[in-house]
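Protein sequence lines correspond, in order, to chains A and B.
To convert a position in the first sequence, counted from 1, into the numbering used here, add 507.
To convert a position in the second sequence, counted from 1, into the numbering used here, add 507.
Every residue, glycine too, gets a C-beta built ideally from N, C-alpha and C.
2 protein chains.
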Amino acid sequence: MTESHIETALNFAEKNLDNALETLFGLLKIKSISSESEFRPECIKAGKYLVDELNRIGFKADLRDALGLPLVVATAGEGEKHVLFYGHYDVQPVDPLELWRRDPFEPVIEEIDGNKIIFGRGSSDDKGQVMTFIEACRAHIEANGKLPCRVTILLEGEEESDSISLLPFMRENAKELAADCAFICDTERWNIDTPAITIGLRGNITGEVKIIAANRDLHSGLYGGPAANPIMILANALAKMRDENGHITLDGFYDGAPVLSDKVKANWASLGFDEGKFLGDIGLSIPYGENGLTALEQLWARPTAEICGIHGGYTGDGFKTVIASEAFAKVSFRLVGDQDPDKIWAAFEKHILRNLPKDCKAIFKKNIGGKGIALDPENSIIAATSKALEKEWQKPAALIGCGASIPVAKEIPEILGMDAILVGFAMPDDNIHSPNEKYDLLSFKKGIRSWIRILGSL
Amino acid sequence: MTESHIETALNFAEKNLDNALETLFGLLKIKSISSESEFRPECIKAGKYLVDELNRIGFKADLRDALGLPLVVATAGEGEKHVLFYGHYDVQPVDPLELWRRDPFEPVIEEIDGNKIIFGRGSSDDKGQVMTFIEACRAHIEANGKLPCRVTILLEGEEESDSISLLPFMRENAKELAADCAFICDTERWNIDTPAITIGLRGNITGEVKIIAANRDLHSGLYGGPAANPIMILANALAKMRDENGHITLDGFYDGAPVLSDKVKANWASLGFDEGKFLGDIGLSIPYGENGLTALEQLWARPTAEICGIHGGYTGDGFKTVIASEAFAKVSFRLVGDQDPDKIWAAFEKHILRNLPKDCKAIFKKNIGGKGIALDPENSIIAATSKALEKEWQKPAALIGCGASIPVAKEIPEILGMDAILVGFAMPDDNIHSPNEKYDLLSFKKGIRSWIRILGSL
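As structure tokens, then:
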């Protein structure tokens, strides 16, 4: 593919922007919240919407039944090089709804300080990002009659819930999904004018623990003292997971967590990460994690134990002098290097049981976890991608880490035997998983342009 | 008053039992649910029913307007000794109605395993108990022509809702209500054949603490590590309120909490309290509170710190990898002796703040609290009451404590300046506040007889 083919495709994308936005908005209006079963029909609707759009562009696309929500599979293009693109069409729940400035599913473009911003649930995570790739494919096909290489697109609908379908589906369809490399578009760029390739991701394991004490709710006066309080027991066990230096105390927790190389430390130091601003933006000022590490090191290279939700007893208006019979917490462990999700969870269960009075019960629910991932920055496809991004952004791509887990970035290499390269155009202030999620119009436009260049460079 | 006067009154009560039951049933049929405004007319009807009955007996009784529901005030008798009796004519709501074996307001006597049982809402709490005292007064007047002492009866209609009328009414009518001591009949006897005088009640102070960390909910992958987690901070601070021996660690928490005298300890030990059964009934087996104390000592004589409710983050179905911006807990402290509610709350706030990272905030909400109450078992009226009860039941009265707060037992001494002695004849299985509330016919009969003896002994 020549540079002029790339330019022609870039020009098409430029002219077609309004149509591209209209297509994106249609997708954003669909309430595809995968973790809430009532929205299942909306998830399927989002999948169908993408299938229709991909067929319109020229892909051979269909919705494939799976264990849970269906997956979108689409193929197009010819040639020796074959790229697999992964994204997801489901979104996070929207609560607390009252903190949204407008309906999360009525996307708009708002101009703030001269910048055009797309607001809506999924605008950044991941519908907006998925559409940057699809629009890049459209531009190549419309402008040059064909894609510069073979492309398979795989979109799942359970990335924000349990991803129960993806693994079995990839295993069963490994032959069809085989490619030279995979691109995943679900990450951020480094800053407003610097693209990024994420070479390291934390894994995670999540789950729930419920403590059951008495066989019914009790009056705190008539039973308080002798009766075990499951909230107190839960709080105590959870608090003891973390010592005063921010270290996690679970048995063998740090087994497999690598020590940062000086080279990587230096690379990250050169990125000019503003820790004060990072924390200041979210209203904080002191890194909460392990003492003696920078916020960036904590985020990209160190594991965590977090309580993501807790509930027990009476939490409505006023007061009820009750000792609850049970209390539960949802916990999440971010993992790095070779930390084993199942071993970490087992250590968590052991820790809870160790802190549990003998007459109480603990019930655990473990979700499917995933190890962290670390790509080799010397890899040839990463090098080509890096070059294409530098061409578009006129700045070298940062080779960054990411604190979040994208299980698929681990699963694609494992199951399909190819590298999974993470290139995304989101910004840290996109409020993903939060109220008022947004995606800069610039992210969307230059995302499309970046993919046009990357596809053209392979 | 001679023993023969008491015997005459006891004989009258025996013969008059059917009439007494008829009067009680008339009262039980009135749906005086004070917490539901639609039943306001029924509450007033219950008050009037009692006024009419008291006037019939020979009291000077009337219904007094108040802030909320009216109060019954009745006086009769002459002599140096003057007794104030407190009870309430309102009842709890009846839902869930489907769990009642029959209409809650169609009282019946049913024979179960050879025991006659009165079923109906209010049969135990508190209409049945109130009528034991009124029938005792009737017996003295009918049998001996007069009461053995001056008696003032005060019955409120909002004990099961908000008691908004009682305090202002007592303050405004303190002179009229003045007496040598007060009797409250709203508690249980110790067991089937042992009467009880409640000499200690725990006070309490309750409130809420909210921890605020980041200015919005965060993705646990993108911020986990450096970002403070308010649930973890809350859990940690709450857990640290309690050490491994079950002692509360708040500064000065035990100031004013009396050490149990050996005499009281021995009295309680003699009660044959079945700790295993007490805990077994609620599905537990190990006393959770302070090490080295029996469940009964913990319940009757020791303060507690309980978490009555906790909430933070995502607690719905599935999982959300979120670091919440805030988390809150509702806490309750049960107090004994001279523990000061306000000082306890201040120590709690100090404890939370001490465990709070400097870049996080804590917001507190304190409810109105009250000290505990402790009567002196050597008190002459308690001694006389104790003797009268022993005469009737042929067993010494248990001098018990109660873990719960009964506000009026604290308010009468405070406002009216007299001891408030709690003598009741209910049983723990009376299902008060629950479906199928009942009062044993034995409780009713021997309750009447007990009051005849107590009044005669003063």
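Under the three-state reduction of DSSP, A:C644 is assigned to helix. Every alpha helix (DSSP H) stretch that sits fully inside the region 576 to 662 of chain A and reaches 4 residues is listed by chain position as 634 to 651.
Here B:E782 has P794, T801, A802 and L803 as same chain residues with Cβ atoms under 8 angstroms from its own Cβ, once five neighbours each way along the sequence are excluded. Residue environment for A:P600: buried (at least 16 other C-beta atoms within 10 angstroms of its C-beta). DSSP places A:D700 in the coil class of the three-state scheme, outside both helix and strand. Residues of chain A with a Cβ closer than 7 angstroms to the Cβ of B:S912 are, in chain order, G728.
If you look at A:D926, you'll find it in the beta strand (DSSP E) that goes D926 to V930. Under the 10 Å beta carbon count, A:Q901 is surrounded by fewer than 16 other beta carbons and is classified as exposed. Counting along the chain, B:K945 sits inside the beta strand (DSSP E) bounded by residues K945 to D947. Residues A720, P864 and C867 of the same chain have their beta carbon placed closer than 6 angstroms to that of B:A735, with the five preceding and five following residues left out of the count. Boundaries of the beta strand (DSSP E) harbouring B:L842: E833 to L842, taken from the DSSP string. The three-state secondary structure of A:K865, taken from DSSP, is coil.
The beta-carbon of A:H818 is placed less than 8 angstroms from the nearest beta-carbon of chain B. Using a Cβ distance threshold of 8 angstroms, A:A812 and A:M739 do not count as a contacting pair.
Taken atom to atom, the span from the alpha-carbon of B:S542 to that of A:K827 is near 15 angstroms. Between the region 602 to 611 of chain B and the region 934 to 950 of chain B there are three or more C-beta pairs closer than 8 angstroms, enough to call the two in contact.
Within the region 751 to 828 of chain A, complete alpha helix (DSSP H) segments of at least 4 residues are found at 769 to 776, 782 to 788 and 802 to 808, given in chain order. Apart from sequence neighbours up to five positions away, the residues of its chain that approach B:G763 with a beta-carbon distance below 7 angstroms are G844, D845, Q846 and D847, ordered along the chain.
A distance of 8 angstroms or more separates the beta carbons of A:S832 and A:R678. Residue state for A:A734 is assigned as strand, using DSSP reduced to three classes. Just measuring C-alpha positions, the residue of B:L661, B:I718, B:I648 and B:L674 sitting nearest B:N862 is B:I718.
Rounded to whole angstroms, the gap between the alpha carbons of B:Y593 and B:K634 is 12 angstroms. In the three-state reduction of the DSSP assignment, B:H726 falls in the strand class, which pools E and B. Apart from sequence neighbours up to five positions away, the residues of its chain that approach B:P702 with a beta-carbon distance below 6 angstroms are R696, L896, W900 and A904, ordered along the chain.
As computed with DSSP, A:N711 is found in a beta bridge with A:R841 and A:G877. Excluding residues up to 5 positions away in sequence, nothing lies with its Cβ nearer than 6 angstroms to the Cβ of B:K522 in the same chain.
Nearest CB-CB separation between B:I789 and chain A: below the 8 angstroms threshold. Note: A:K567 is bridge-paired with A:T582 in the DSSP secondary-structure output. Listed by position along chain B, the residues whose Cβ is nearer than 7 angstroms to that of A:A802 are P733.
Under a 10 Å Cβ-count criterion, A:I859 is classified as buried, with 16 or more other Cβ atoms of the shown protein chains found around its own Cβ. Excluding five sequence positions before and after B:A927, the CB atoms of its chain that fall closer than 6 angstroms to its own CB belong to A689, I691, A916, I919 and P920, given in chain order. DSSP places B:A891 within a helical segment (H, G or I) once states are collapsed to three.
Any Cβ of chain B closer than 8 angstroms to the Cβ of A:D693 would place that residue at the interface, and such an atom is absent. Just so you know, the alpha carbons of B:P655 and B:G790 end up roughly 48 angstroms apart. In this structure B:N518 touches B:A650 by the C-beta definition: roughly 7 angstroms separates them, less than 8 angstroms. When Cβ-Cβ separations below 8 angstroms define contact, A:D669 makes contact with chain B.
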